[in-house]
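Residues -25 to -1, 1 to 438 (mature numbering (1 follows the signal peptide of the UniProt record, and there is no 0)) make up the sequence shown, in order.
Ideal placement from N, C-alpha and C gives every residue a C-beta, glycine not left out.
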Amino acid sequence: MKISSTFKVLAAVLPFVNFAGIAAALPLDVPTTELPSAQAPGPKKVIVVLKDQVDSKKLLRETSWVRLVHARNLQKRQATNTTTHLPTGVEGTYDINKFKAYAGSFDEETIAEIQSSDNVEYIEEEQEIYITGVQSQYSAPWGLAQLSSRVSSRKPFAKIEDPHVYQYDASAGEGMYVYVLDTGILTAHKEFEGRAEHGFTAVEDADDADHQGHGTHVAGIIAGKTWGVAKKARVISVKVLDDRTSNTAVALDGFNWAVQDIIEKKRQNIAVINMSLGSNFSRALNEAVENAYAEGIISVCSAGNFAGQASDQSPASAKTSITVGAINVDGTRLPQSNFGDAVTLWAPGSRILSASNASVEASIGFSGTSQAAPHVAGLICYLRALEGLKGTDVVRQRLLDMGQKNVLKTSTLMGSANILAYNGADSEETALASLEQSILHRGWKWVKGSFEDVKTLVLKLAN
């Protein structure tokens, strides 16, 4: 058993600026704050993951025992006047399928006793999360148009300045829910038409508002009336980032709440979790996502913006995560998007316009895998409402089967799967189904494989 090394987390968003109509990508400036080493004095903030055989009752007993150990050692510190930077003890617990864990701040002596417990699988130090961004307004939601457009030699990728049309079924994700783990959501924004609500704030001493804007932007891509993929879906804010900083324990707290809320309300087949954030590899975060999947809950995660292997990031590297990389309008990989075997599929992520937290009518532009992921979260809602898809494996396979194969610029994907997210709205199959419905609605009947003439109808098919 060992304590994992520390690392930093960066929410997967690549900003852009607009100059003379041209959006220029900016490099990410990642803070280099170092957490204390294993030998440093003072308390450590850690996540303690228990073994698979530990059930909910054992989790409760384990944390009760840890609280007693912490209280005893705290008294010893106070008795010796070593009261600087006192640890706070157990701060939160997580219970998702077989994933049982708790987080807190402990001194070295308490951590040593925790490690000796037969119920402990491993201990991982908390990591910090950062968000940075430069924003700029512009027009044309090309990402929606691309999601509903089949690419071919006769119909190549469009240009950013081209007019764009988003084709979608009128069901538009109605009855579906997306839990958005982010900086919060401006729920009063007119894009959401009353379909956005606040669910839970995991950040200590923070209000429910989105002061940064990232969460509102992500939610708008999912379900906004103008910029959204699933224009009738509901979004639920789970605030795990306050402005620019947080940590993985807080993210786990928010994720745990979302999973429990979905299960309690029996929404497994009508809900999805979106996480447009990331970190270096975290076994704890990955296992939480994988255990939620076993409970019937899908998580869509951004691949990250470090131009490296997505398998080095979490929760992008979780085995069951729907991990989304970002593409440019010309079908090339966004240069800063992560890549590799962990990427499930690709979606638009460059110069994406969506709702802003500046006002209830404002819009703003962002680029990055943070914008690609919500396209797919919205797509899952759209397909579930349209086709009644049930079960995590069924949804995952439908995304892969429907995705457009080998239409992206392979040389830029660095060995990743060449699959572009697609809603099928302009496919031949969808067109024929739409034609059939149109005919039926105009007074024809379908009888033993042929139409029975009850009204005269003239059809003209294009070559």
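{"Check": "Given a cut-off of 9 Å, decide if GLN288 and GLY324 are closer than it, judged by their beta-carbon atoms.", "Outcome": "no"}
{"Check": "Measuring alpha carbon to alpha carbon, tell me which residue in GLU37, ALA269, LYS294 is nearest PHE256.", "Outcome": "LYS294"}
{"Check": "Taking 9 Å as the threshold (C-beta atoms), are TRP232 and LEU328 in contact?", "Outcome": "no"}
{"Check": "Hey, could you find the ends of the alpha helix (DSSP H) SER345 is sitting in?", "Outcome": "344 to 362"}
{"Check": "Helix, strand or coil for PHE256? Go by DSSP, reduced to three states.", "Outcome": "coil"}
{"Check": "Just the C-alpha distance for LEU364 and VAL44, rounded to the nearest angstrom, thanks.", "Outcome": "48 Å"}
{"Check": "Have a look at the DSSP bridge pairing and note the partners of VAL213.", "Outcome": "LEU156, PHE175"}
{"Check": "Give, in chain order, every unbroken run of the beta strand (DSSP E) that is at least 3 residues long and sits entirely within the segment 244 to 301.", "Outcome": "246 to 250, 273 to 277"}
{"Check": "Rounding to the nearest angstrom, what Cα-Cα distance links HIS173 and ASP228 in this structure?", "Outcome": "15 Å"}
{"Check": "Go through the segment 58 to 96 residue by residue and report every complete run of the alpha helix (DSSP H) that reaches 4 residues or more, in order.", "Outcome": "83 to 90"}
{"Check": "Is the separation between the beta-carbon of LEU143 and that of LYS206 shorter than 9 Å?", "Outcome": "Residue identity check: residue 143 is Tyr in the sequence provided, not Leu. Yes, the Cβ-Cβ distance between TYR143 and LYS206 is below 9 Å."}
{"Check": "Is it the case that the segment 257 to 268 contacts the segment 341 to 360, given that we only count it when at least three CB pairs across the two stretches are under 8 Å?", "Outcome": "no"}
{"Check": "How is ASP144 classed by DSSP in three states: helix, strand or coil?", "Outcome": "coil"}
{"Check": "To the nearest angstrom, how far is the alpha carbon of LEU63 from that of VAL178?", "Outcome": "Going by the sequence as given, residue 63 is Thr instead of Leu. Their backbone Cα atoms lie some 16 Å apart in a straight line."}
{"Check": "So if DSSP puts LYS51 in a beta bridge, which residue, or which two residues, is it bridged to?", "Outcome": "Looking at the DSSP assignment, LYS51 forms no beta bridge with any residue, so it has no partner."}
{"Check": "Taking the CB atoms as reference points, tell me whether ALA78 and LYS20 lie closer together than 9 Å.", "Outcome": "yes"}
{"Check": "Put GLU166 into one of helix, strand or coil per three-state DSSP.", "Outcome": "helix"}
{"Check": "Let me check understanding here. Comparing Cα to Cα, which of VAL382, LYS73, VAL247, PRO18 lies closest to ASN303?", "Outcome": "VAL382"}
{"Check": "With 16 other CB atoms within 10 Å as the buried threshold, where does ASP316 fall?", "Outcome": "exposed"}
{"Check": "Near GLU239, which residues of its chain fall below 7 Å by C-beta distance, leaving aside the five closest residues on each side in sequence?", "Outcome": "none"}
{"Check": "Is it true that the segment 374 to 394 meets the segment 234 to 253, where meeting means three or more beta-carbon pairs spaced less than 8 Å apart?", "Outcome": "no"}
{"Check": "Are THR319 and LYS384 closer than 9 Å when you measure CB to CB?", "Outcome": "no"}
{"Check": "Alpha carbon to alpha carbon, how far is GLN50 from ILE211? Give it in angstroms, no decimals.", "Outcome": "42 Å"}
{"Check": "SER277 to THR298, Cα distance in whole Å?", "Outcome": "6 Å"}
{"Check": "Would you check if the distance between the CB atom of GLU96 and the CB atom of LEU161 is smaller than 9 Å?", "Outcome": "no"}
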